[in-house]
Amino acid sequence: MKRLLKSALSILIIFAFFLPCNGKSTAKSSQEKRIALTFDDGPHKKYTEEILDVLEKYQIKATFFVVGVCAEKYPEIVAREIASGHEIGNHTYSHAHLRNIKPSDLTGEIEKAEQLILSSVNYKTTLFRPPEGVCNDTVRAVAKDMNYSLVLWSVDTRDWVPASCDDIVNAVIGNVDGDEIILMHDYVVGKSNTPAALEIIIPKLLDEGYTFVTVSELLQ
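Residue numbers (my numbering): 306 to 525.
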């Protein structure tokens with residue numbers, strides 16, 4: 306994965322069909338220091354729970370971009386995310402490769418994940434993050450047609466590599482300067498150091514005057 310959209314509002318792409326997916330915004334829309342922690346690819350039976358424990362400790366809300374097959378396997382973890390006040394985003398049903406996907410197939414991937422989450426935990430997703438950050442004309446068009454806000458990131462921790470705790474911390478500290486969307490993962494292959502890194506990153510950024518918000522709160 307490449308580090309995407311570093312610049313100001315980090316954000317993105319509210320409705321990504323207005324902006325090129327690999328473009329950079331040129332000005333902050335806010336002088337506030339806000340962090341939206343986002344977690345992709347879960348839920349994971351171990352690491353998601355550990356991340357939720359850390360977030361609960363610091364009373365922080367985050368945004369989880371859920372993969373349908375994982376949510377199907379661990380609906381109770383998704384239910385915990387919602388009960389704890391976190392935001393849920395759609396990350397397709399199967400973590401599909403989108404570079405050459407047909408619009409009908411992508412629509413099916415998003416719909417299947419959406420309906421699974423809705424039926425299992427009564428939550429309607431409205432944010433979509435494409436797996437691997439792939440954002441082409443098909444992805445933009447389908448997201449628009451389905452009334453999804455397309456969300457990328459401004460800081461990539463590369464915690465999926467896997468990365469050491471220090472690597473993850475260093476990817477964040479010193480690389481934030483205002484409103485930021487941080488990309489992390491609650492599901493990785495092998496050992497994850499993300500929960501341990503959060504125990505360092507969160508208090509450090511709180512000391513620096515940052516507040517933590519969900520993606521939707523940041524977009525407001």
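Every residue, glycine too, gets a C-beta built ideally from N, C-alpha and C.
What number of angstroms, rounded off, separates the C-alpha of Val-374 from the C-alpha of Pro-408?
Residue numbering aside, residue 374 sits at position 69 when the sequence shown is read from its first letter. Residue numbering aside, residue 408 sits at position 103 when the sequence shown is read from its first letter. Spanning the two alpha carbons is a distance of roughly 20 Å.
I'd like to know if the segment 425-438 and the segment 383-394 are in contact, where contact means that at least 3 CB-CB pairs between them fall below 8 Å.
yes
Report buried or exposed for Asn-498, applying the criterion of at least 16 other Cβ atoms within 10 angstroms of its Cβ.
Here the question's residue 498 lines up with position 193 in the sequence shown. Buried, because 16 or more other Cβ atoms sit within 10 Å of the Cβ of Asn-498.
Identify which residue in Ala-367, Ile-365, Gly-347 has its Cα closest to the Cα of Glu-381.
Taking the first residue of the sequence shown as 1, we reach residue 381 at position 76. Per the Cα distances, Gly-347.
Please report how far the alpha carbon of Leu-403 lies from the alpha carbon of Gln-364, in whole angstroms.
Position 98 of the sequence shown, counted from the first residue, corresponds to residue 403. Position 59 of the sequence shown, counted from the first residue, corresponds to residue 364. Leu-403 and Gln-364: Cα-Cα distance of roughly 35 Å.
Just to confirm, is the Cβ distance from Ala-376 to Ile-422 under 8 Å?
Your numbering for residue 376 matches position 71 in the sequence shown. Your numbering for residue 422 matches position 117 in the sequence shown. Cβ distance < 8 Å, so Ala-376 and Ile-422 count as in contact.
Looking at Ile-356: is its Cβ nearer than 8 Å to the Cβ of Leu-503?
Here residue 356 is taken as the residue at index 51 of the sequence shown, counted from 1. Here residue 503 is taken as the residue at index 198 of the sequence shown, counted from 1. Yes; because the gap between Cβ atoms is below 8 Å, this pair is in contact.
With which residues is Glu-392 paired in a DSSP beta bridge?
Position 87 of the sequence shown, counted from the start, is the residue given in the question as residue 392. Answer is Thr-368, bridged to Glu-392.
Whole-number beta carbon distance between Val-481 and Val-460, since they are thought to touch under 8 Å
Within the sequence shown, numbered from 1, the residue matching residue 460 stands at position 155. Within the sequence shown, numbered from 1, the residue matching residue 481 stands at position 176. So it is a contact: roughly 6 Å between Cβ atoms.
Continuous beta strand (DSSP E) stretch holding Ala-537: start and end
No statement about residue 537 is possible, as the shown extent of the chain runs from 306 to 525 and does not include it.
Find out if the Cβ-Cβ distance for the pair Val-447, Ile-415 is shorter than 8 Å.
As a working note, residue 447 is residue 142 in the sequence shown. As a working note, residue 415 is residue 110 in the sequence shown. Contact flag set, yes.
Leaving out five residues before and five after Thr-343 in sequence, what residues of the same chain have Cβ atoms less than 8 Å from its Cβ?
Working through the sequence shown from its first residue, we reach residue 343 at position 38. Excluding positions up to five away in sequence, the list reads Ala-367, Thr-368, Phe-369, Phe-370, Gly-394, Arg-434, Val-456, Trp-458, Ile-486, Ile-487, Leu-488, Met-489, Val-520.
Quick one: what does DSSP say Val-460 is sitting in, helix, strand or coil?
What you label residue 460 is simply residue 155 of the sequence shown in a count that begins at 1. Here Val-460 sits in strand by DSSP.
What three-state label does DSSP hand Ser-497 in the structure shown?
The sequence position of residue 497 within the sequence shown is 192, counting from 1. Looking at Ser-497 - three-state DSSP - the assignment turns out to be coil, as it is neither helix nor strand.
Buried versus exposed, by CB contacts within 10 Å (16 or more), Asp-471:
Stepping through the sequence shown from its first residue, residue 471 is reached at position 166. Exposed.
Please report how far the alpha carbon of Asn-452 lies from the alpha carbon of Gln-525, in whole angstroms.
The residue given as residue 452 occupies position 147 in the sequence shown. The residue given as residue 525 occupies position 220 in the sequence shown. Looking at the two C-alpha atoms, the distance is approximately 17 Å.
Residue range of the unbroken beta strand (DSSP E) whose run includes Asp-345:
Mapped onto the sequence shown, residue 345 falls at position 40. Taken as a continuous stretch (DSSP letters only), the beta strand (DSSP E) holding Asp-345 covers 339-345.
Apart from the five residues on each side of it in sequence, which residues of its chain come closer than 8 Å, Cβ to Cβ, to Glu-419?
Stepping through the sequence shown from its first residue, residue 419 is reached at position 114. The residues are Asn-395, Lys-429, Thr-430.
When Phe-517, Ala-384, Tyr-352, Asp-345 are compared against Gly-483, the one with the closest alpha-carbon
Sequence index remark: in the sequence shown, residue 483 carries index 178 (1-based). Nearest of Phe-517, Ala-384, Tyr-352, Asp-345 to Gly-483, Cα basis: Phe-517.
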